[in-house]
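Trainee: One structure is given below, represented as structure tokens, and several questions about it will come after.
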Amino acid sequence: MNTVARTASQANEACSAAMTLPQSAPAPARSVLKLLQKLQHGSLTLQLPDGSMQRFGVQTLPHATLVLHNWAPLAAALKSGDIGFAESFIAGDWSTPNLTDLLRVLVANRAQVEGVIYGTWFGRLLYRARHLLHRNSRANSRKNIHAHYDLGNAFYRLWLDETMNYSAAIFDGKLAQPMAQAQHAKVRRALTLAGVKPGDRVLEIGCGWGALAEKATTEFAAQVTGVTLSTEQLAFANERMARLGVAERADLRLQDYRDITDAPFDAICSIEMVEAVGRAYWPTYFASLAKLLKPGGRACVQSIVIDDALFDRYIHSTDFIQQYIFPGGCLPCPS
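Residues 686 to 1020 in this note's numbering are what the sequence shown lists, from first letter to last.
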């Protein structure tokens, strides 16, 4: 046993010996608290519903505090994993001074608290069924996109940067630079990787609020066709093109990528849209790219990915993001 593991073990043994629970603590709560005694990275201070405090883990960062207003969150986590735990947060059953730190502690101890990350098979059965019902057929795709992106442009303007990019930026080690600058770098890189030249016909699958279409028409002097299923995004993007005076070079449409017929295109860009396709439709998505791309053309697909080691369990289950943020979505893994 190495020094870190030995220290963690000793700390947790001490915690276990010292931990006393109120008589009112239900059985599910006791089960979760036993799991928390296994924390090996960072520490967690837990305030119980009666106001008493318990500490788990070792004296290293990250440190987090979790305040239980009742016992319901622990039962929800044991039964339904991260979804149940998140739902109990929304319900106001627990709170924390710093949610980011709490998530860091839980992620660092994924192996130790796996039981409350995934819950039970039975407890997640309804969520899994709901996820499967959201699979991205043509009809469901419009509903799923509407549920997320048609919340209103005013909502997204509150927290996106001025470029209205809703995908990972490229900071290239310069973390102090403005978000907008990093977003411009991301879009420029995508167009460059796709080999876009002046006069090229560029297809963007998932054109969002028009950030890539703007740069493609202005900086790269290309002709752009962009598709989205969000009426809110389309209205914003078309207004953006008109304001810039490039509307004649930007054909932005409310259209499913499976219904595009005006091929071939010299280049295709699709920035963090493949996650919304759904695993069952990945073959259709990539076949569409191949069909729509001119021989010798290039496509740039940017995606959020999930760890290879987590992928198999992920695709046979469901999570909070799929339930409440991106219905029907599925992350690919690097391999």
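Beta carbons: idealized from backbone N, C-alpha and C, even for Gly.
1. Which runs of the alpha helix (DSSP H) spanning at least 4 residues fall entirely within the region 879-906, listed in chain order?
2. Give the single residue among F1005, I1010, C1015 whose Cα lies nearest to the Cα of S773.
3. Spell out the partners DSSP gives V872 in its beta bridges.
4. Would you grab the beta carbon distance between D944 and L914 for me? Rounded to a whole angstrom, and I think it's under 8 Å.
5. Can you check whether the CB of L724 is closer than 8 Å to the CB of N794?
6. Can you tell which of L929, Q918, A824 has its C-alpha closest to the C-alpha of A839?
7. Exposed or buried, D767, counting other C-beta atoms within 10 Å across all chains shown (16 or more means buried)?
8. On the three-pair Cβ rule with 8 Å, is the region 948-957 touching the region 873-889?
9. Report back the beta-carbon spacing between G732 and L753 to the nearest angstrom; my notes put them in contact at under 8 Å.
10. Can you tell me the Cβ-Cβ gap for P1012 and N829, rounded? I've got them flagged as a contact below 8 Å.
11. Using 8 Å for Cβ pairs, my map puts R820 next to A965. What's the rounded Cβ distance?
12. In or out: S955 buried (at least 16 other Cβ within 10 Å) or exposed?
13. Which residues bound the alpha helix (DSSP H) around A762?
14. Are the beta-carbon atoms belonging to A896 and V872 less than 8 Å from one another?
15. Please list the segments of the beta strand (DSSP E) lying wholly inside the region 920-995, counting only runs of 3 or more residues, in order along the chain.
16. With a cut-off of 8 Å on the beta carbons, I'd call V909 and E889 a contact; round off their distance for me.
17. Using 10 angstroms around the beta-carbon of T848, count the other beta-carbons present and answer buried if the total reaches 16, otherwise exposed.
18. Among the residues of its own chain, which have a CB less than 6 Å from the CB of F996, if the five just before and after it don't count?
19. Based on the DSSP secondary-structure assignment, which residues constitute the bridge partners of A749?
20. Under DSSP, the beta strand (DSSP E) around R740 begins and ends at which residues?
21. Would V887 be called buried (16 or more neighbouring beta carbons within 10 Å of its own) or exposed?
22. Could you work out which residue in Q722, G742, V990, L978 is closest to V959 when comparing CA atoms only?
23. Taking the DSSP output, what are the residues bridged to G911?
24. Quick one: grab the DSSP three-state call for H1001.
25. Could you give the DSSP three-state label for Q695: helix, strand or coil?
26. Between the Cα of A865 and those of K900, A832, M738, T877, spot the shortest distance and give me the residue it belongs to.
27. Tell me the rounded alpha-carbon separation between A961 and A854.
28. Rounded to whole angstroms, what is the Cα-Cα separation between L978 and L939?
29. Quick one: give me the first and last residue of the alpha helix (DSSP H) that A832 is part of.
30. Put S852 into one of helix, strand or coil per three-state DSSP.
31. Residue range of the alpha helix (DSSP H) that N783 falls in?
32. By alpha-carbon positions, which one of T750, L818, A776 ends up nearest to A761?
Mentor: This is what the structure holds:
1. 896-903
2. What you label residue 773 is simply residue 88 of the sequence shown in a count that begins at 1. Measuring from the Cα of S773, the nearest candidate turns out to be F1005.
3. Here residue 872 is taken as the residue at index 187 of the sequence shown, counted from 1. None; V872 has no bridge partner.
4. Translated into the one-based positions of the sequence shown, residue 944 becomes position 259. Translated into the one-based positions of the sequence shown, residue 914 becomes position 229. Actually they do not touch by this definition, with Cβ atoms about 11 Å apart.
5. Here residue 794 refers to the residue found at position 109 when the sequence shown is read from its first residue. Here residue 724 refers to the residue found at position 39 when the sequence shown is read from its first residue. Yes, the pair counts as a contact, with Cβ atoms nearer than the cut-off.
6. The count along the sequence shown starts at 1 and reaches residue 839 at position 154. Measuring from the Cα of A839, the nearest candidate turns out to be Q918.
7. The residue labelled residue 767 in the question sits at position 82 within the sequence shown. Classification of D767: buried, given that the 10 Å Cβ count is 16 or more.
8. yes
9. Here residue 732 refers to the residue found at position 47 of the sequence shown. Here residue 753 refers to the residue found at position 68 of the sequence shown. Residue identity check: residue 732 is Gln in the sequence provided, not Gly. Sure, about 6 Å apart at Cβ, within 8 Å.
10. Taking the first residue of the sequence shown as 1, we reach residue 1012 at position 327. Taking the first residue of the sequence shown as 1, we reach residue 829 at position 144. That pair is a contact at about 5 Å.
11. To locate residue 820, count along the sequence shown from 1; it is residue 135. To locate residue 965, count along the sequence shown from 1; it is residue 280. That pair is a contact at about 6 Å.
12. Locating residue 955 in the sequence shown gives position 270, counting from the first residue. By the 10 Å Cβ count, S955 comes out buried.
13. Position 77 of the sequence shown, counted from the start, is the residue given in the question as residue 762. Where A762 is concerned, the enclosing alpha helix (DSSP H) stretches over 757-775.
14. As a working note, residue 896 is residue 211 in the sequence shown. As a working note, residue 872 is residue 187 in the sequence shown. A contact, by the Cβ cut-off of 8 Å.
15. 935-939, 950-956, 978-987
16. Position 224 of the sequence shown, counted from the start, is the residue given in the question as residue 909. Position 204 of the sequence shown, counted from the start, is the residue given in the question as residue 889. Right, their Cβ atoms sit about 6 Å apart.
17. Indexing the sequence shown from 1 puts residue 848 at position 163. It counts as buried.
18. Looking up residue 996 in the sequence shown gives position 311. Correct list, in chain order: C1018.
19. Numbered from its first residue, the sequence shown carries residue 749 at position 64. Paired residue(s): L729.
20. Along the sequence shown, read from residue 1 onward, the residue named residue 740 stands at position 55. 738-742 is the extent of the beta strand (DSSP E) around R740.
21. Translated into the one-based positions of the sequence shown, residue 887 becomes position 202. Buried is the call here.
22. As a working note, residue 959 is residue 274 in the sequence shown. Per the Cα distances, V990.
23. Along the sequence shown, read from residue 1 onward, the residue named residue 911 stands at position 226. DSSP, once it has assigned bridges, lists E889, L937 as partnering G911.
24. In the sequence shown, the residue the question calls residue 1001 occupies position 316. Three-state result, H1001: coil.
25. On the sequence shown, position 10 is the one that residue 695 refers to. The predicted model places Q695 with a pLDDT of 46, which falls under 50 and marks its position as unreliable; any figure quoted below should be read in that light. Helix at Q695.
26. Here residue 865 refers to the residue found at position 180 of the sequence shown. Minimum Cα distance to A865 is reached at K900.
27. Within the sequence shown, numbered from 1, the residue matching residue 961 stands at position 276. Within the sequence shown, numbered from 1, the residue matching residue 854 stands at position 169. Approximately 19 Å, taken between the alpha carbons.
28. Here the question's residue 978 lines up with position 293 in the sequence shown. Here the question's residue 939 lines up with position 254 in the sequence shown. C-alpha separation (whole angstroms): 20 Å.
29. Taking the first residue of the sequence shown as position 1, residue 832 is located at position 147. From DSSP, the alpha helix (DSSP H) with A832 extends over 823-834.
30. Residue 852 sits at position 167 when you count from the first residue of the sequence shown. Correct three-state label for S852: coil.
31. Within the sequence shown, numbered from 1, the residue matching residue 783 stands at position 98. Looking at the DSSP string, N783 is not in any alpha helix (DSSP H), and its letter there is neither H nor E.
32. As a working mapping, residue 761 is identified with position 76 in the sequence shown. Here the closest residue by C-alpha is A776.
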